[in-house]
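Residue numbers (numbering that gives the first Met the number 0), protein chains in the order written: chain A, 0 to 343; chain B, 0 to 343; chain C, 0 to 343; chain D, 0 to 343. C-beta: ideal position from N, C-alpha, C; glycine also. Quick caveat, the model's predicted, so the values are computed rather than measured. Worksheet: the structure to be examined is printed underneath.
Protein chains: 4
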Amino acid sequence: MRVAVLGASGYAGLELLRILLRHPACEIAAVTSEQRAGQPVGEAFPALRGQLDLVFEAADPASLAGKVDLAFAALPHSASAPSVAALRRAGVAVADLSADFRLRDPGVYREWYGVHPAPELLAEAVYGLPELHREKLRGAGLVACPGCYPTGALLPLAPFLRQRLVEPTGIAIDSKSGVSGAGRKLEEGYLFAELDENVHAYKVAQHRHGPEIEQEAGALAGEPVRATFVPHLVPTIRGIATSVYARPRRRLSAGEAHEVLAEAYRDERFVRVLPPGETPRLASVRGSNFCDVAVVADERNGTLVLLSALDNLVKGASGQAVQCANLMRGLPEETGLLEAPCAP
Amino acid sequence: MRVAVLGASGYAGLELLRILLRHPACEIAAVTSEQRAGQPVGEAFPALRGQLDLVFEAADPASLAGKVDLAFAALPHSASAPSVAALRRAGVAVADLSADFRLRDPGVYREWYGVHPAPELLAEAVYGLPELHREKLRGAGLVACPGCYPTGALLPLAPFLRQRLVEPTGIAIDSKSGVSGAGRKLEEGYLFAELDENVHAYKVAQHRHGPEIEQEAGALAGEPVRATFVPHLVPTIRGIATSVYARPRRRLSAGEAHEVLAEAYRDERFVRVLPPGETPRLASVRGSNFCDVAVVADERNGTLVLLSALDNLVKGASGQAVQCANLMRGLPEETGLLEAPCAP
Amino acid sequence: MRVAVLGASGYAGLELLRILLRHPACEIAAVTSEQRAGQPVGEAFPALRGQLDLVFEAADPASLAGKVDLAFAALPHSASAPSVAALRRAGVAVADLSADFRLRDPGVYREWYGVHPAPELLAEAVYGLPELHREKLRGAGLVACPGCYPTGALLPLAPFLRQRLVEPTGIAIDSKSGVSGAGRKLEEGYLFAELDENVHAYKVAQHRHGPEIEQEAGALAGEPVRATFVPHLVPTIRGIATSVYARPRRRLSAGEAHEVLAEAYRDERFVRVLPPGETPRLASVRGSNFCDVAVVADERNGTLVLLSALDNLVKGASGQAVQCANLMRGLPEETGLLEAPCAP
Amino acid sequence: MRVAVLGASGYAGLELLRILLRHPACEIAAVTSEQRAGQPVGEAFPALRGQLDLVFEAADPASLAGKVDLAFAALPHSASAPSVAALRRAGVAVADLSADFRLRDPGVYREWYGVHPAPELLAEAVYGLPELHREKLRGAGLVACPGCYPTGALLPLAPFLRQRLVEPTGIAIDSKSGVSGAGRKLEEGYLFAELDENVHAYKVAQHRHGPEIEQEAGALAGEPVRATFVPHLVPTIRGIATSVYARPRRRLSAGEAHEVLAEAYRDERFVRVLPPGETPRLASVRGSNFCDVAVVADERNGTLVLLSALDNLVKGASGQAVQCANLMRGLPEETGLLEAPCAP
């Protein structure tokens with residue numbers, strides 16, 4: 000398939016290039032960047048020197064129509080929707096990595112991001128978590144790739160919500176994220192001297208990924224779900240480790256809890272259920288499309304601890320987008336995505 | 000006061016030296032280390048070259064009797080109790096940094112650490128969290144300095160437990176710790192190449208500090224407390240950031256919750272209650288004896304989020320031990336401990 | 000080609016697996032590890048869970064004879080040579096990552112590593128730096144893959160030595176290495192708490208890679224070369240950045256110096272000569288087989304500064320070994336090695 | 000003494016506050032910051048919450064005249080000189096941390112920084128390296144505190160230059176610096192995601208500290224000195240490790256070379272000469288005013304390797320400024336500066 004990457008000069012965009020370069024069925028036909036328009040990719044990003052003979056262009060969705068089968072949009076929220084709309088009008092399939100089509104309710108979107116720029120497309124958009132929505136993703140024209148935090152929270156929670164094994168309220172989601180999740184933002188808080196040897200919570204119970212998690216969790220549970228989402232910044236470039244605290248609705252032994260996870264993901268290539276006693280580690284998924292999950296039951300305290308680790312730029316963004324694109328275009332889902340983690 | 004530091008070559012021991020060197024009322028009379036006996040301190044630890052003209056000795060508690068007023072014991076658990084017992088028999092006051100005198104019930108100790116080596120001393124030991132047990136610490140002969148994790152969990156929780164504002168069960172404590180908490184242990188998991196860019200939970204709901212937290216929390220609440228304690232290792236040398244999730248017993252607004260904390264620690268020198276909207280950061284307490292705390296009320300989900308940050312080697316160990324020692328010997332509590340954090 | 004990896008549980012061994020798993024012409028037929036014998040690979044190394052259905056075996060070179068075309072030996076020096084000898088007797092081609100066949104003079108080997116265990120094979124061994132010895136590597140039976148430091152020092156130096164543009168003595172080589180170069184060694188100095196936020200030189204002018212550099216540099220120059228090699232440890236997992244200081248034999252302008260490098264590596268896939276004004280960065284080669292090089296001429300002070308950056312586990316070890324193996328077996332040299340760097 | 004800190008909200012300014020807070024003879028009477036004017040210090044910098052009851056003011060040098068005995072100016076170069084001039088006119092002693100009074104020749108200043116804003120003060124300024132210029136610093140009215148790199152390069156070089164033991168040309172200075180040296184600059188290159196796991200050279204032979212080093216080195220040698228200065232950025236917050244390569248003018252054994260250093264710094268409190276076999280480490284000086292130095296003679300290659308490690312914010316900036324201020328005001332030089340390094 001011939002693809003374009005819009006917003007290719009951000010971290011998610013660059014990660015898309017890294018993955019697509021090794022994808023045997025993809026040809027990168029165009030890369031766009033407002034900031035870098037006119038610059039050869041390898042000049043702007045020395046890591047890609049000699050890898051890709053393309054020049055960043057200013058985005059012109061219409062002109063991409065004849066050139067590509069599918070576009071990855073890695074643009075900021077609100078900026079993405081108009082480009083996506085133009086691409087869809089021109090008949091181009093789109094895997095959108097922004098937040099623009101994740102929230103099904105434009106009212107909720109407005110609360111967190113502002114007035115929705117293209118609400119007419121919401122009905123078409125499929126939430127791009129293949130392990131949960133695989134069938135809808137096959138042949139889809141517009142996919143809203145999930146946020147990095149929601150992916151890490153939903154994957155371990157999903158089987159317990161679906162089987163109504165945990166209370167739908169009082170859930171606490173404690174995530175620890177590397178800083179590339181914030182993109183290449185020039186803010187004091189993202190400077191090395193401010194972040195190294197530092198850890199802190201931020202936007203406690205007020206992060207935009209909170210409503211996204213609740214929406215998808217509610218759909219899985221078939222009833223409203225309430226979760227307190229607390230993201231933390233940790234001094235790593237990549238990775239999100241998530242610990243979810245939930246109350247089981249009935250007594251669940253450690254063995255049973257593990258079996259629920261194991262059974263749910265038995266045939267999944269990218270979700271690895273760890274054996275009892277092991278815990279997910281960022282280092283084991285670095286640079287890869289895997290999400291490692293595990294569960295511990297603290298029966299004494301009526302608490303289930305669900306754990307996950309993923310690379311926010313891969314399974315949390317660009318790898319997942321490619322996984323979706325493979326489904327959208329009828330390719331084997333894992334194409335280009337089986338690269339082993341970069342450990343150590 | 001003349002002091003000895005037993006087990007001075009570990010990380011907590013060295014941090015004691017760093018603090019005591021600037022303590023205006025302390026003279027370091029002896030430092031012991033089995034491994035380093037015979038070696039000058041500045042040779043073994045180049046950071047201290049030229050700072051301290053002492054040679055590590057093998058520990059001989061009896062011989063210290065005449066030489067020191069107080070001993071800091073920074074020995075491994077189980078190894079500490081016999082030395083402490085000998086020192087107490089010889090009339091030396093002891094601030095013990097091991098776990099040996101923290102758990103009041105020798106049965107619980109046995110479950111987590113093995114048979115207690117000196118149960119007869121348990122009754123004398125005061126739990127060394129000055130903000131909670133100040134009066135008992137004045138003039139005490141034996142102080143059990145708290146673990147690093149319990150300090151970070153108990154300080155923000157204490158006022159809510161005391162005032163019975165939160166449910167005593169279903170509490171989740173999610174801590175992120177730097178690696179110096181593990182000491183200078185030669186295990187593969189503590190190598191730089193294994194830990195950098197890595198985050199993972201360990202000993203989920205099975206860490207030894209769990210029962211210690213529940214013991215002290217229960218004493219504060221006046222009823223049994225159940226907490227699921229989940230420690231995580233993060234790639235920092237120092238620091239513990241803790242996020243506690245608890246259910247309020249009655250509706251608590253953000254403002255009320257903040258006021259509970261603010262009121263409780265109004266006169267405390269080392270517990271800094273952050274204004275609403277700010278979150279504790281490891282970088283703001285690095286190298287110092289401060290513990291920063293904050294609270295966020297997620298009323299939508301009936302969840303209180305209590306946050307803290309401390310330096311595990313200072314307020315989580317050696318600084319707190321000195322704070323206790325000051326109280327034990329009648330010195331102003333903050334003596335030697337007001338050094339500003341090392342930021343950035 | 001069917002391959003075995005001996006010593007597959009070390010960092011270089013694991014990196015070989017990571018590369019070979021994506022190598023389209025390779026089948027990993029056996030992996031050996033004395034320590035891990037009997038353990039499935041994915042159990043021992045969670046990063047590889049689900050990637051490779053193999054169990055570590057104890058090394059038995061003879062038994063590999065029928066099973067594989069080529070063996071990668073990632074064993075400690077001195078332990079490697081006997082295995083290599085057995086494999087060669089059995090007709091298996093070997094890419095050896097140890098130091099055992101790098102030094103051509105067994106007397107020099109003895110000085111740095113001890114009595115050579117298989118001097119009779121030294122004549123057969125080809126030094127595995129494809130950019131310098133490509134023709135000899137085609138079809139070779141035994142290749143001595145270079146050390147990580149020599150690769151970083153020799154690539155920028157080579158064209159200047161060959162063309163006798165720099166003085167052969169008084170060269171200073173200042174390298175900054177990530178800690179994975181030391182392997183998974185359990186030494187205090189490699190603990191996270193000792194290494195993070197730390198930088199220091201070690202084995203100043205006394206590192207084993209010094210004589211290796213001088214041997215190869217001398218061969219390039221056609222006369223004895225003297226270099227003071229000073230390795231430093233920096234707090235990164237991967238990567239070696241090298242700055243070489245040499246005196247030009249005649250006046251060399253910045254432009255001329257750049258042209259020497261550019262000309263020498265014009266057709267090389269893995270050596271990227273940066274344009275004037277750019278300097279090599281570890282982040283731009285992380286996880287990849289690239290070595291970025293640059294040169295700055297300080298005419299004022301009669302000094303040429305040669306710079307390089309590579310990933311010590313890839314171009315400095317396992318990637319280079321695969322590059323050699325491709326040449327040994329007649330495959331296109333870049334097969335399996337074009338993966339883009341993992342940046343950020 | 001009553002002091003003011005101008006530009007107190009930068010990293011060097013904050014480090015001054017950290018040191019002055021513990022300085023027994025100092026009272027901080029005013030702190031200025033254009034950006035933060037009107038903000039209480041503890042609000043702007045949570046690390047200092049509760050430590051210092053001051054509000055940042057806009058700088059008004061004239062108004063400080065009556066209030067303080069000495070001002071520390073931690074302002075950007077060019078911006079500093081006019082403030083310094085105003086303070087001097089008002090009779091206030093100044094320790095200036097900017098580059099404005101370091102270069103004695105306004106022509107050289109112009110080449111690197113622009114037209115000098117107050118050349119009339121150059122004659123009065125003393126270069127603030129107490130180990131080299133102690134007598135001139137006693138009672139001085141204006142001190143130009145050295146750059147962080149020059150301090151690390153000059154301290155190990157000084158005795159060899161003074162005794163004419165090394166050639167004055169062909170010197171190479173390879174420095175590895177933590178990122179706080181760049182201040183709190185909002186540039187992409189200083190983001191955590193760009194810098195962690197990264198090392199690179201920058202401004203090769205073109206850094207502003209180059210001419211400063213050559214000026215002072217020349218003064219020590221009594222003849223022009225030529226040095227190629229190559230700074231590197233490493234992923235640490237603090238610290239500069241420097242390796243200097245020089246050619247001895249006559250044969251110098253390892254023992255003799257060590258003796259030269261040992262003899263030169265025998266009575267210095269802040270320069271610690273390491274015993275043969277040890278190398279300076281950033282971790283051993285972190286947060287402290289020490290500069291550790293060592294020397295290795297590579298007689299085979301006619302090269303002397305001089306090594307140093309210091310904390311760029313302390314001995315490389317603010318600690319050194321306080322050391323100078325102590326001398327300027329007749330206090331014991333080490334007052335407030337003996338705090339032990341923060342290790343680990």
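Using C-beta distances below 7 Å, list every residue in its chain close to residue i, excluding the 5 sequence neighbours before and after it, in chain order.
i              : result
P118 (chain C) : P105
A216 (chain A) : L153, L156, L160, V224, A226
A61 (chain A)  : A85, A89
Q199 (chain C) : First, the amino acid is wrong: residue 199 (chain C) is His here, not Gln. Counting only Cβ-Cβ distances below 7 Å, and skipping sequence neighbours, we find H231, L232.
C323 (chain D) : A94, G127, P129, L136, V142, C144
Alpha carbons only, please: which of the options is nearest the one belonging to residue i?
i              : options                        : result
R225 (chain A) : A:E211, A:N325, A:P145         : A:E211
E213 (chain B) : B:P234, B:L13, B:R101          : B:R101
R405 (chain C) : C:R207, C:V30, C:A282, C:T302  : As shown, chain C starts at 0 and ends at 343. That puts residue 405 (chain C) outside it, with no answer to give.
L141 (chain B) : B:E123, B:R299, B:P158         : B:E123
E258 (chain D) : D:A139, D:P75, D:P274, D:R48   : D:P274
C147 (chain A) : A:H132, A:L96, A:A339          : A:L96
L337 (chain B) : B:E222, B:L305, B:E267, B:D297 : B:E267
V229 (chain C) : D:L306, D:G315, D:A11          : D:L306
A94 (chain A)  : A:G65, A:L128, A:H115, A:Y112  : A:L128
Check whether the Cβ of residue i lies closer than 8 Å to any Cβ atom in chain A.
i              : result
S179 (chain C) : yes
Y244 (chain B) : yes
G286 (chain C) : yes
C323 (chain C) : no
Just checking: is the beta-carbon of residue i within a distance shorter than 8 Å of some beta-carbon in chain C?
i              : result
V272 (chain D) : no
E166 (chain B) : no
Please confirm whether residue i has its beta-carbon closer than 8 Å to some beta-carbon of chain D.
i              : result
L20 (chain B)  : yes
L309 (chain B) : no
Starting from residue i, follow its DSSP beta bridges and name the residues at the other end.
i              : result
E56 (chain D)  : D:T31
A344 (chain D) : Examination of residue 344 (chain D) is not possible in this model, given that chain D is present from 0 through 343 alone.
D99 (chain C)  : Partner(s): none; D99 (chain C) has no beta bridge.
L232 (chain D) : D:S176, D:H199
I170 (chain B) : B:A226
T241 (chain D) : D:S174, D:S307
Using a C-beta cutoff of 8 Å, does residue i count as contacting chain B?
i              : result
S62 (chain D)  : no
S8 (chain A)   : no
K314 (chain A) : no
Y189 (chain C) : yes
Taking 6 Å as the limit between beta carbons, can you name the residues of its chain near residue i, skipping five residues before and five after?
i              : result
L330 (chain A) : A24
L219 (chain A) : A157, L160, R161
My understanding is that residue i touches residue j, with C-beta atoms under 8 Å, so please give their C-beta distance in whole angstroms.
i              : j              : result
L309 (chain B) : V284 (chain B) : 6 Å
G6 (chain A)   : L69 (chain A)  : Contact flag wrong, Cβ pair sits at about 15 Å.
R271 (chain A) : F289 (chain A) : 6 Å
E187 (chain A) : R183 (chain D) : 6 Å
Can you determine whether any heavy atom of the ligand PLP sits closer than 7 Å to the C-beta of residue i, and answer yes or no?
i              : result
K202 (chain C) : Although the ligand PLP was asked about, the structure shown includes no ligands whatsoever.
Leaving out the 5 sequence neighbours to the left and right, which residues in its chain are closer than 8 Å to residue i when beta-carbon positions are compared?
i              : result
A342 (chain D) : A282, S283, R285
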